[in-house]
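Structure, as structure tokens:
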Amino acid sequence: MTKTLFIGLDGCTFTVLDQMTRELPGEGLTMPFLKSLMERGVRAKLRSTPNPLTPPAWCSIMTGKNPGEHGVFDFIRAEDKGGEVFWTLYDARDIDSETIWSICSRKNRSVAALNFPLTAPAPEELKGSIVPGFIPAKHLRRNTHPRELFERIKTEIPGFDPKELAWDFDKEKQAMESLSADETAKWVRYHLPREEQWFRVAEFILSKDAPELMAVMFDGTDKIQHQAWPWLDLDLLPANPQGHDKEMRQVCLEYFSNLDGYIEKLVTMAGPDTQVFFASDHGFTASTFVLRINTFLGEKGYLFWAQNDGSDMAVRREASDFANLDWTRTTAYCRTPSSNGIHIRVAEKPGDPGIPPESYVEFRDRLIADLLALRDPINGEPVIVDVLKREDWFPGQHMKRACDLTLVLRDHGFVSIRNYEPSVVHRPLAVGTHHPDGIFMACGPGIPAAGMVDLRQIVDVAPTLLYSAGVAVPSDFEGQVPTSFFTPEHMAAHPVKQGARTRPSPRRQLEQEMDAGEKKQILEQLQMLGYME
143 MTKTLFIGLD GCTFTVLDQM TRELPGEGLT MPFLKSLMER GVRAKLRSTP NPLTPPAWCS
203 IMTGKNPGEH GVFDFIRAED KGGEVFWTLY DARDIDSETI WSICSRKNRS VAALNFPLTA
263 PAPEELKGSI VPGFIPAKHL RRNTHPRELF ERIKTEIPGF DPKELAWDFD KEKQAMESLS
323 ADETAKWVRY HLPREEQWFR VAEFILSKDA PELMAVMFDG TDKIQHQAWP WLDLDLLPAN
383 PQGHDKEMRQ VCLEYFSNLD GYIEKLVTMA GPDTQVFFAS DHGFTASTFV LRINTFLGEK
443 GYLFWAQNDG SDMAVRREAS DFANLDWTRT TAYCRTPSSN GIHIRVAEKP GDPGIPPESY
503 VEFRDRLIAD LLALRDPING EPVIVDVLKR EDWFPGQHMK RACDLTLVLR DHGFVSIRNY
563 EPSVVHRPLA VGTHHPDGIF MACGPGIPAA GMVDLRQIVD VAPTLLYSAG VAVPSDFEGQ
623 VPTSFFTPEH MAAHPVKQGA RTRPSPRRQL EQEMDAGEKK QILEQLQMLG YME
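Position 360 of the sequence shown, counting from 1, maps to 502 under this note's numbering, and the rest follow consecutively.
So, in structure tokens, the structure goes:
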């Protein structure tokens, strides 16, 4: 019997859900079933990780810990070797903390986790099912757990297509190259059948296996909002949309209507005795300007660009996805747009590139002052509204892998790392970007019809799901079970139990590394969504 159903909605925000769950002139009600759940349940804004980004945020949801503990900070993991910076993509080996899937399995609870990032490879001893997200289609079979599950899905679900289930990189690349007004609606519509594939897999596993903790993540919410935010934000949408605006609005409504149907079927299948939870890794909002952070750091003398000598290597480096810098003189720089952070280069020994270790605090304070002094050339407002020090926001065993400084922009946008001027430029049209406040909702037996309650933290999701599944909450979890999500009677009958600390996370080698071409495809996907340049 499924005790707990968890539906992840990547990037989902109440800005959108609130309009989809009410009657709008000329559109009616897009998500009637979700509206009914919200009316008989509880919800809260969910504060994301300090940099509200997919990999660290979902890892915090799966581990109950902040990135300083679980070790995942970005899509890209980089190592500064002094004379050069080397990078690779994060994968499951980088999560240095036990996930709720493993914890439940150890406590003899069956689980299913579908489409969550960084879940491959699954632990061999896992009691349940894993179909990972964020990997190429060719890796789905070998990284689906248990091994026979992929064949069951392939043979028992009519029309199952692993290429549709995973990202179709060729289609994504075409969309990235031709996101004209006419093509944008096609790109949004392309995600509809992919979301249906994940629903059908979830439906299959829920009906056949009935895991005690059933979890599926739908990520079309994030992808569509990146490219179609002007048609989802009512403050940006024309009062009476026509032509392309009308088409875009309609296809967005179609996506959310389909999603409502998937949610209704899964909740109905799980049954009236199941507690149902929803969460997102972050929210969404409008970005109105671009901060070219490395250009600004160059203007202030912290960063120096590499000179292009015309060689093939120089040309390749300048066209790469990462900042092409003079590493002998650069003291502070940003590696990726998605990081929204600055790394300070500290010399390991005299003569190495970077600042002397004893100058770190003074140097950092001066850098923070320069960042906070940056003003918008149009309106004079601050461009950066907060600068987060890593020891304050990423405590834990992996704190030193975090950016030294994480930037919070006025519009919550991602920075640019390109060598373009000026350092601050306004966008001709607003685009979708991540907001730190996502969603956390629940309904079912033992859950009050309390409506909106106080803000929760992203690390609260993991202990809440374990509590619902009847599993003791590990003592080293950073989050808490929110009492506002459960009735006093339920909590009296089912008190929160504290368990032992989580076990060390085993580091497993992926059975087959992604080749250079596959990594390039993932980078193209990240480029299209604005995380890379």
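A virtual CB, placed ideally from N, CA and C, is assigned to each residue, including glycine.
The alpha-carbon separation between Leu547 and Asp512 amounts to approximately 13 Å.
Gly403: member of the alpha helix (DSSP H) spanning 385–412, first to last residue.
Residue environment analysis places Ala428 among the buried positions, since at least 16 neighbouring C-beta atoms fall within 10 angstroms of its C-beta. Between Thr172 and Phe398, the gap from beta carbon to beta carbon is short of 8 Å. The DSSP-derived three-state label of Val638 is coil. Cβ atoms of Thr297 and Thr241 stay farther apart than 8 Å, at about 29 Å.
Short of 8 Å from the beta carbon of Met541, and not among the five residues preceding or following it, lie these beta carbons of its own chain, in chain order: Gly210, Arg532, Glu533. For the pair Pro524 and Gln622, the Cα-to-Cα distance works out to about 35 Å. In this structure, DSSP gives Asp415 a state outside helix and strand, which the three-state scheme calls coil. The continuous beta strand (DSSP E) containing Lys531 extends over residues 526–531. The C-beta of Lys491 has fewer than 16 other C-beta atoms within 10 Å across all chains shown, which makes the residue exposed.
By the Cβ criterion, the segment 557–567 is not in contact with the segment 607–615, since fewer than three pairs of Cβ atoms, one from each stretch, lie closer than 8 Å.
Taking a 10 Å sphere around the C-beta of Gly425, we find 16 or more other C-beta atoms and assign the residue as buried. Beta-carbon to beta-carbon, Ser202 and Pro578 are separated by about 13 Å, too far to satisfy the 8 Å threshold.
Nearest to Thr416 by C-alpha distance, out of Glu181, Ala584, Gln384, is Ala584. Counting along the chain, no beta strand (DSSP E) covers Ile559, and no H or E run does either.
In this structure Gly593 is in contact with Arg185, their Cβ atoms being roughly 7 Å apart against a cut-off of 8 Å. It is roughly 25 Å from the alpha-carbon of Val550 to the alpha-carbon of Ser501.
Cβ contact annotation for Gln599 (same chain, cutoff 7 Å, sequence separation greater than five): Arg189, Gly621, in chain order. Fewer than three beta-carbon pairs drawn from the segment 399–409 and the segment 432–443 are found closer than 8 Å, and the two stretches are therefore not classed as touching. The C-beta of Glu181 has fewer than 16 other C-beta atoms within 10 Å across all chains shown, which makes the residue exposed. The segment 555–564 and the segment 382–400 do not touch, with fewer than three beta-carbon pairs separated by less than 8 Å. For Asp361, the closest alpha carbon among the candidates His636, Pro197, Leu376 is that of Pro197. DSSP lists Val573 as the bridge partner or partners of Ser429. Under DSSP, Trp447 shares a beta bridge with Leu467.
For Asp303 and Gln339, the gap between their C-alpha atoms comes out near 8 Å.
If you draw a straight line from the Cα of Leu151 to the Cα of Pro495, it comes to about 43 Å. Pairwise C-beta distances place the segment 345–359 in contact with the segment 243–260, as three or more of them are shorter than 8 Å.
Using a 10 angstroms sphere on the CB of Met143, the tally of other CB atoms stays under 16, which defines it as exposed. In this structure, Phe419 places its C-beta atom within 8 Å of the C-beta atom of Leu607. For Arg434, the beta-bridge partners assigned by DSSP are Ser558. Going by beta carbons, Ser422 and Gly580 fall inside the 8 Å limit.
In the DSSP annotation of this structure, Asp579 is not part of any alpha helix (DSSP H); the continuous beta strand (DSSP E) holding it starts and ends at 579–585. Annotation for Val253: the continuous beta strand (DSSP E) segment containing it runs 253–256.
Sorting Arg248, Arg552, Ile237 by C-alpha distance to the C-alpha of Glu267 places Arg248 at the top.
Beyond the five residues adjoining it in sequence on each side, Asn193 comes within less than 6 Å, by CB distance, of Asn482, Thr548 in the same chain, given in chain order.
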